[in-house]
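Per our numbering, the sequence shown starts with residue 1, numbered consecutively.
We treat Cβ as the ideally placed atom computed from N, Cα and C, and that holds for glycine.
Just so we're clear, the structure is a prediction, and the values are computed from it rather than from any experiment.
This report refers to the structure that appears directly beneath it.
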Amino acid sequence: MIQSVKNAINAERRALLSHELYGKIQTPQELQLFLKHHVFAVWDFMSLLKALQNSLTCTTLPWKPVGAPQTRYLINEIVLGEETDVDKQGNYKSHYEMYLEAMEACNAPTDEIESFVNSITGMETILQTIDKADLNASIKEFLTFTFKLIAEGKPHKIAAAFTFGREDLIPEMFTAILKNMQKDFPELMLEKLIYYFDRHIEVDGDTHGPLAHKMIEELCGNDSEKWNEVTQVAKTALLKRIVLWEGIEKEISLLQKSSAY
């Protein structure tokens, strides 16, 4: 069934992976602009992750067994790697914190994402916070989809966005771009950013991708309705990522026009 989902979302995946945005990131300023937007996807990925852990394991006291042990193992193993991975120096950090450090190293602004995250008071008001925030419309649309999905509270649908609507092949494409940019702009400190994407390729491809697929299989079983919902959520998640990419591309185009004068 996993392969059936992949086949059904192939057109959206191709549109995303061949997007014109990749070719437009050619200067340090354009990279910094990309990072300023993309960090919101890095952050809300962590919320999808913890939503799954909250649904599939016991995260309250007193403890009691929740759900299937196999599913508990799968999500806890992924949480361990995403929330407490090791950076290049061997220090434990979440992927979000690693990304922020990488942004700072190449002088990309982090004040917008940090201010937004600090303004959040809870899930009860998260959609209102997103709506009122002074953010690009494409970021708002992306975040709103994520948190409406989380609020709906259906683990198999959250797992669909988590598994099919996220990094996958995208980090590999950006690693190539970054390595070329490091050669063209040696003054730009990209070591931490390249490590972040390389680490995603290693962890997602070797461990987290297969674990996430198994988790969806555990959650859906032989329920055809759930598999249909997984497919629809996966498609929508990819389309929302394309919206985010288009928002970044538009901002880069505006930056390029202003630089021409």
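- In this structure, leucine 149 lies away from isoleucine 130, with their beta-carbon atoms at least 8 Å apart.
- Cβ-Cβ distances below 8 Å link isoleucine 9 to Phe164, Thr231, Ala234, Lys235, Leu238 in the same chain, with the five nearest sequence neighbours on each side left out; the list follows chain order.
- The secondary-structure analysis by DSSP pairs aspartate 85 across a beta bridge with Lys93.
- Per DSSP, reduced to three states, the secondary structure at serine 18 is coil, with no helix or strand assignment.
- Annotation for glycine 67: no alpha helix (DSSP H) segment contains it, and DSSP assigns it neither H nor E.
- The segment 44-59 makes no contact with the segment 187-205, as fewer than three CB pairs between them are under 8 Å.
- Pairwise C-beta distances place the segment 175-183 out of contact with the segment 149-162, as fewer than three of them are shorter than 8 Å.
- With respect to the C-alpha of glutamine 3, the residue from Arg241, Lys250, Ile216 having the closest C-alpha is Ile216.
- In the three-state reduction of the DSSP assignment, asparagine 10 falls in the helix class, which pools H, G and I.
- Cβ-Cβ distances below 6 Å link proline 171 to Phe197, His200, Ile201 in the same chain, with the five nearest sequence neighbours on each side left out; the list follows chain order.
- Here threonine 59 is exposed: its Cβ has fewer than 16 other Cβ atoms, across all protein chains shown, within 10 Å.
- Inter-residue distance for leucine 255 and arginine 72 is about 46 Å (C-alpha atoms, whole angstroms).
- Its Cα nearest to that of threonine 57, the residue Gln70 stands out among Ser259, Asn107, Gln70.
- DSSP, read as helix, strand or coil, puts aspartate 223 in coil.
- For asparagine 76, the three-state secondary structure derived from DSSP is helix.
- Burial is judged here by how many other beta carbons sit within 10 angstroms of a residue's own beta carbon; arginine 14 has fewer than 16 and is exposed.
- If you check the CB distance, isoleucine 252 and glutamate 82 do not come in under 8 Å.
- With respect to valine 243, serine 138 sits close: the two C-beta atoms are nearer than 8 Å.
- The alpha carbon of asparagine 136 has as its nearest neighbour, out of Met173, Ile113, Gly153, Ile120, the alpha carbon of Ile113.
- Rounded to whole angstroms, aspartate 87 and phenylalanine 145 show a C-alpha spacing of 30 Å.
- Only residues of its own chain outside the window of five on either side were considered, and among them Phe116 have a CB closer than 6 Å to the CB of alanine 133, listed in chain order.
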